[in-house]
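Trainee: A single structure is presented below for examination.
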Amino acid sequence: MGIYALVLVHFLYSNINTIMKRKNNFLSPLVVSIWQHFLILSATAEVNLKTDEAALLALKSYVTSDTYNILTSNWTSTTSVCKWIGVTCGSRHQRVTALDISNMELIGTIPPHLGNLSFLVSFDISSNHFHGILPQELTNLHRLEFINVTSNKFTGDIPSWFSLLPELQHLHLAFNSFTGMIPPAIFNASKLESLVLGVNQLQGEIPNEIGNLQDLTWLSLGSNQLTGLVPLSLFNISSLQRLVLTNNSLSGNLPVDICSNLSELMVLALSNNEFDGQIPLDIDKCSNLQILSLSFNRFTGVIPRKIGNLTMISSLYLGRNDLEGEIPEEIGYLRNLEILDVQNCSLSGPLPSSISNITSLRSLNLYGNKLSGSLPPDMCLNMPDLRAFDLGNNQFSGTIPKEFGNCTSLSDLFLRENNLIGELPMQIGNLFNLGRLDLHYNFLTGPIPSTIFNMSNIRGISFLGNFFTGSLPADIGHGLPNLEELYLGYNNLTGSIPNSLSNASNIFRLGIGYNNFSGPFPRSFGNLRRLEYLNVNDNHFTREPSSPELTFFDSLTNCRHLRQLWIGYNPLDGNLPASVGNLSSSLDYVYAAYSEIRGSMPSEIGYLSGLSFLFLQGNYLSGFIPSSIGNLENLQALNLYDNKMISGPIPEELCNLKNLGFLSLGNNEICCPIPACLGNIKSLRYVYLDSNKLIFSIPPSLWNLNDLLHLDVSSNFLESSLPPEIGNLKVATLLNISKNRISGIIPSTIGAMQNMAELSFAENRLEGPIPESLGNMVALESLDLSHNKLSGGIPKSLVGLSHLNYLNVSYNRLSGEIPTGGPFANFSYDSFLSNEALCGAARLQIPACRSNSPHRKRKKKVLLIVLISLMAASIIMLSVTLTIFLVIRCRKRKTIIATHQADSSPATVHGRVSYHDLQQATNGFSTSNLLGYGSYGSVYKATFGSTIVAVKVFNLQTEGVFKSFDTECEVLRNLRHRNLAKVINSCSNVDFKALVLEYMPNGNLDDWLHSESCSLDIMQRVDIMIDVGSALDYLHNGYFVSVVHCDLKPSNVLLDEDMVAHVSDFGLAKLLGVGESIAQTKTLATIGYIAPEFGLEGLVSTRCDIYSYGIMLMETFTRKKPTDEQFAENASLREWIRQSWPQGMDKIIDPELMTPEEKNKTGKVQCLSTIMELALRCTADLAEERLNIKHVLAQLKTLRTMLENVIRH
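Right, here's the structure in full:
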């Protein structure tokens, strides 16, 4: 009731008796009437408030959990509704006008009874756990202006009945689980000023009716699944101040006049969509903009110069687009700018000098561009508030200015992956607020300044991959109380590890591998109780001289969070103690290869229940493999290769490891039969049991491992024969059973192994013919059947094996003519030794095949004459018939012939291409047009008019892998770069799929590297690898999403007429549906080029391509394949180079590149040494330690210039 009503009540109550006593008072009936009316109003108000109370009590009853007991203890009928927490009543009618129960951790649903709160103006239940749907009875609330149900768990469609609330001004539904499309009817609520629907699961397009909301100031639709174009009507809402459309799949160009009607706009957030085209040049007309976020889209072109007119802007996000050109000088006009983020574009040129004028700047992120020049020394003079500074992964050169030490507000300084040289200024140690310092993969030299180790607030330091020298200061740990991550790997640091390092007790990641540290393995590491990752690989650490055991394991048991332990390539020279079983239960990865570890494997190793990867190869372990190894249920990889003295049987308990994918026990003294239960481990991909003393037969169960990629049981004492089930290994790429006692015939089913690259049955007791089906093994590169008792001829089907580069059938009983053509043109007499009945070409040093007898010659001559006569007569008759036919039809055919000629022009290859077109262009997919086989299918030369192209016809063996073929082909066609093989077209139907590619007349890099008739000089090889690097850079960084190649190798590098390299088969991993099966994922890559995490875990990333690129660098300059025989039993190509680098370069580099008489040999050695160093860094075991392709590319270009100077002089 109002104040006047209260006064009236007081007056009447005080004077009612006096008034009533006055007789004949004419006011008496009036007073009575007023009193009666008041009583009626009072009763009505009481009834209405009871209605509100009932509605709210219904809400309370629908709440199933009241964490803080707010409603339980406060919302009771003993107190007035208007005094309840969260309830506000109007002073005039004493009705509930506002309900605010936000942030109360309530769980429940909304009852329809709330529709009875007819005076409700504001409804706020945000930040609770209400679920279900919003009841339609809320449409009864005609006074409602404000609705906020943000951060709950409502589901279903957004109700269209919101449009029936005539006074609604603010509707906030964000952070729920609403689905479906945005109802167009909602935009009939014409008084809406804010509409916040972000972070739901809304789909479809933004309705065009949104333009009806002419009073709208705030629109937030971010983090949904919206698609399509943004309606132009949205950009005509002149009242709009905040527009947030981030994290959707919206597309199209932004209107050039986007700001014409948006002069009030303060926030424009469009990041994480698929917008393309240029940033509107007149963006400055949005003169009130304070936040502009366009990152993670496909915008192209340059940063508009007029962006410098947005003088109110405080945050500018343009990163992860395809922007190019330089950063405009006008950027310096943005005097209120606090955050500038233009990371991962293709910007070039130097930093504009005007950027130092932005005195308000707090964060500058230009990571992942092509910016160059030197670092500006005055960077921080005018930026007192600069906190974060990231120029990583660019092409900056020169030294780090000592003036950077004046940037005392810096918390993050990232200069990683550039071309910086010289020493690290000691003034950097003055940055007392610095939390993270990352300088990895530069060319910094000299000692690390001691001031760096006195930065008390530093949490992370990475100097990985530089040329720092010297030792660590003795008091290194005293000044780093907050240090959590320290990476010093791949430098030239020496000395011992100071015990004081353990005082930096917060360290949880420590990487000091690949240096020259020495001394006993530091027991002080055990004091780093938070340690999760420890890498000391490739140093000179030893055991404590006082004990034959590796006692440092005792101290490491204190590190209860340890997950990865890398201690390989150290001369530890000691025994594994039993305490190894007390290491952290979370230990996942142990790498202790080639560390001179001796003695037997303790059974306690079986206590490491969390272990997934155990690498102990190349040591001196002896004794039996403990049966407790079967307790490691999470083990995925076990490598005990080349210990030479491990003996006894393979324990049956090994078969308990149901996640095992990699098993290497080769080059030991293991005996007894191969356990049949190994065939039950369906996860196995790689099995190496070679060079042991295994007996009896190969268990039949092994042939049922359908996803097995490698099986090597060579150099044992295995017997029996090869069963037909050998053909079950359809995805295998290596099978080696050489040097055993296998007898019988080679089953014809072997031809089913069409992914096989390396096959060896040498030195067995096989007999019978070589199966014709071997010709079906189209991926075969190496075939060794030597030293058996095989008979019959060499199948002519082998001529079609275009990848076959090694063949050995010597020491058999073969007969007949050696096939010619195909790969046989490159084989020498060594391939066919001691087969007395073979005949062939004189160059093979075997007898020539006998010519035909005179009788047969005469018979053939007569037959030839008859055939020629018949053909001549036929041709004459055909000519007469055709002449008559053409005279009659000539005129009618002119138009058709002209049309046919037009269709046969080169342009047809760009139009719709059918199977019939491709069949004609390849002459029926004739073998004469066959360019080669690959793991994906065959490649043919095709002619369309005067245009020659290549056609890749895919093998459709695997069901379901081409589900998105047409879509992915379109993606591949949009990948355009000078060094990518151009995808011109595609053809797809149910049983045929092919790509039409640009034709490369000079073949591939593999042919040029490994053919005796081809040769590449050093500059050609550098240029080719720069071309390949440029293609990778585009695939990884130049497209709106990173494209991982997955199978980078020399045979996938094609050379055009100018010897420019073009990378092919890019994107085929995506095209073939990688991820749909692990087995298929792992057959996409090629043995020798596979990154460790790809081969073992199936983890695919751009770093896998970097690894493959590093192997290619090695192969290109050594002419050694990673699968060469010399790497079969001992070290890999990488290990061979690592052991020879840098002193033994002349032993590993291709002799053709360094002849003794060259005057410039020393200069070449230096350049080639740097190339090999880049290759080693690209092939680091840890993916995160590998170089970025931009960094490699920049270095190769620098080396090219150096080589030119060396050769010129």
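Position 211 (the sequence shown) corresponds to 211 in my numbering; numbering is contiguous. Ideal placement from N, C-alpha and C gives every residue a C-beta, glycine not left out.
Give every residue of the same chain whose Cβ lies closer than 8 Å to the Cβ of residue 792, excluding the five residues on either side of it in the sequence, and list them in chain order.
Mentor: If we look at residue 792 and ignore the five residues flanking it on each side, its Cβ neighbours are 768, 769, 770, 814, 815, 816.
Trainee: Spell out whether any CB of chain C is found under 7 Å from the CB atom of residue 711.
Mentor: No chain C appears in the structure shown, which is made up of a single protein chain.
Trainee: Contact check, residue 635 vs residue 612 under 8 Å by CB: the rounded distance?
Mentor: Yes, they are in contact, since the Cβ atoms of residue 635 and residue 612 sit about 6 Å apart, within 8 Å.
Trainee: For residue 718, which of 99, 692, 734, 602 has the nearest alpha-carbon?
Mentor: It is 692 whose Cα lies nearest to the Cα of residue 718.
Trainee: What do you get for residue 89, buried or exposed, if any count of 16 or more other CB atoms within 10 angstroms of its CB means buried?
Mentor: The residue is buried, with at least 16 neighbouring Cβ atoms inside 10 Å.
Trainee: With DSSP run on the structure shown, which of helix, strand or coil describes residue 484?
Mentor: Residue state, collapsed to three classes: coil.
Trainee: Taking residue 596 as the reference, which of 619, 575, 580, 838 has the closest Cα?
Mentor: Answer by Cα proximity: 619.
Trainee: Rounding to the nearest angstrom, what Cα-Cα distance links residue 1023 and residue 480 in this structure?
Mentor: Spanning the two alpha carbons is a distance of roughly 45 Å.
Trainee: So, at 8 Å on beta carbons, what are the nonlocal neighbours of residue 432 in its own chain, with the 5 sequence-adjacent residues on each side left out?
Mentor: Excluding residues within five positions, the ones whose Cβ falls inside 8 Å are 408, 455, 456, 457.
Trainee: Does the stretch 708-715 come close enough to the stretch 731-740 that 3 or more CB-CB pairs lie under 8 Å?
Mentor: Output reads yes: the stretch 708-715 touches the stretch 731-740.
Trainee: Where does residue 459 sit, in a helix, a strand or coil, going by DSSP?
Mentor: Coil, per DSSP.
Trainee: From which residue to which residue does the beta strand (DSSP E) around residue 938 run?
Mentor: It spans 937-944 - the beta strand (DSSP E) in which residue 938 sits, taken as one unbroken run.
Trainee: Note down, one range per segment and in chain order, each beta strand (DSSP E) of at least 3 residues found wholly within the stretch 588-649.
Mentor: The qualifying runs are 589-591, 597-600, 613-615, 620-624, 637-639, 645-648.
Trainee: List the whole-angstrom C-beta distance separating residue 406 from residue 442, where the pair is believed to meet the contact cut-off of C-beta under 8 Å.
Mentor: Not really, about 21 Å apart at Cβ, beyond 8 Å.
Trainee: Compute the distance between the beta-carbons of residue 476 and residue 453, then report whether it is under 7 Å.
Mentor: Yes, the Cβ-Cβ distance between residue 476 and residue 453 is below 7 Å.
Trainee: Grab the span of the beta strand (DSSP E) containing residue 98 for me, first residue to last.
Mentor: That run of the beta strand (DSSP E) goes 96-100.
Trainee: Where do the N-terminal and C-terminal ends of the alpha helix (DSSP H) with residue 181 fall, by residue?
Mentor: Element bounds for residue 181: not the alpha helix (DSSP H) but the beta strand (DSSP E), 177-181.
Trainee: Evaluate residue 50 with the Cβ neighbour count: other Cβ atoms within 10 Å of its Cβ, from every protein chain shown; 16 or more gives buried, anything less gives exposed.
Mentor: By the neighbour-count rule (16 or more Cβ atoms within 10 Å), residue 50 is not buried but exposed.
Trainee: What separation, rounded to the nearest whole angstrom, lies between the Cα atoms of residue 842 and residue 675?
Mentor: So the two alpha carbons sit approximately 49 Å from each other.
Trainee: What are the boundary residues of the alpha helix (DSSP H) that includes residue 1217?
Mentor: Here the chain has residues from 1 to 1209 only, and residue 1217 is not among them.
Trainee: Determine the extent of the beta strand (DSSP E) in which residue 494 is found, giving its start and end residues.
Mentor: Taken as a continuous stretch (DSSP letters only), the beta strand (DSSP E) holding residue 494 covers 492-495.
Trainee: So residue 1111 is in the alpha helix (DSSP H); what residue range does that whole segment cover?
Mentor: 1102-1118 is the extent of the alpha helix (DSSP H) around residue 1111.
Trainee: Indicate whether the contact test is met: 3 or more Cβ pairs, each with one atom in the stretch 529-542 and one in the stretch 559-576, closer than 8 Å.
Mentor: With a cut-off of 8 Å, the stretch 559-576 and the stretch 529-542 count as touching, because enough Cβ pairs lie within range.
Trainee: Within its chain, find whatever has a CB closer than 7 Å to the CB of residue 780; leave out the 5 residues flanking it on each side and keep chain order.
Mentor: Counting only Cβ-Cβ distances below 7 Å, and skipping sequence neighbours, we find 756, 757, 759, 801, 803, 804.
Trainee: Do the CB positions of residue 417 and residue 1188 come within less than 7 Å of each other?
Mentor: Taking 7 Å as the Cβ cut-off, residue 417 and residue 1188 qualify as a contacting pair.
Trainee: Distance check for residue 390 and residue 401, CA to CA, integer angstroms please.
Mentor: So the two alpha carbons sit approximately 15 Å from each other.
Trainee: What first and last residue would you give for the alpha helix (DSSP H) that runs through residue 553?
Mentor: Per DSSP, residue 553 belongs to the alpha helix (DSSP H) from 552-556.
Trainee: Pick from 588, 605, 584, 570: whose alpha carbon is nearest that of residue 1211?
Mentor: Here the chain comprises residues numbered 1 to 1209, so residue 1211 is not present and cannot be evaluated.
Trainee: What does a CB cutoff of less than 6 Å around residue 955 pick up in its chain, not counting 5 residues either side in sequence?
Mentor: Excluding sequence neighbours, residue 955 sits near 937.
Trainee: By alpha-carbon positions, which one of 538, 194, 628, 227 ends up nearest to residue 214?
Mentor: Considering only alpha carbons, the answer is 194.
Trainee: For residue 1147, list the residues DSSP reports as bridge partners.
Mentor: None; residue 1147 has no bridge partner.
Trainee: Take residue 572 as the anchor and find which of 549, 493, 847 has the nearest alpha-carbon.
Mentor: Comparing Cα-Cα distances from residue 572 to each of 549, 493, 847, the minimum goes to 549.
Trainee: Drop a sphere of 10 angstroms on the beta-carbon of residue 1059, count the other beta-carbons inside from all chains shown, and report buried for 16 or more, exposed for fewer.
Mentor: By the neighbour-count rule (16 or more Cβ atoms within 10 Å), residue 1059 is not buried but exposed.
Trainee: By Cβ distance, which residues of its chain are closer than 8 Å to residue 142, with the 5 residues on each side in sequence left out?
Mentor: Answer for residue 142: 118, 165, 166, 167, listed in chain order.
Trainee: What is the DSSP secondary structure of residue 60, reduced to helix, strand or coil?
Mentor: Helix.
Trainee: Excluding the 5 residues flanking residue 840 on each side, which residues of the same chain have their C-beta closer than 7 Å to its C-beta?
Mentor: Excluding residues within five positions, the ones whose Cβ falls inside 7 Å are 817, 818, 846, 849.
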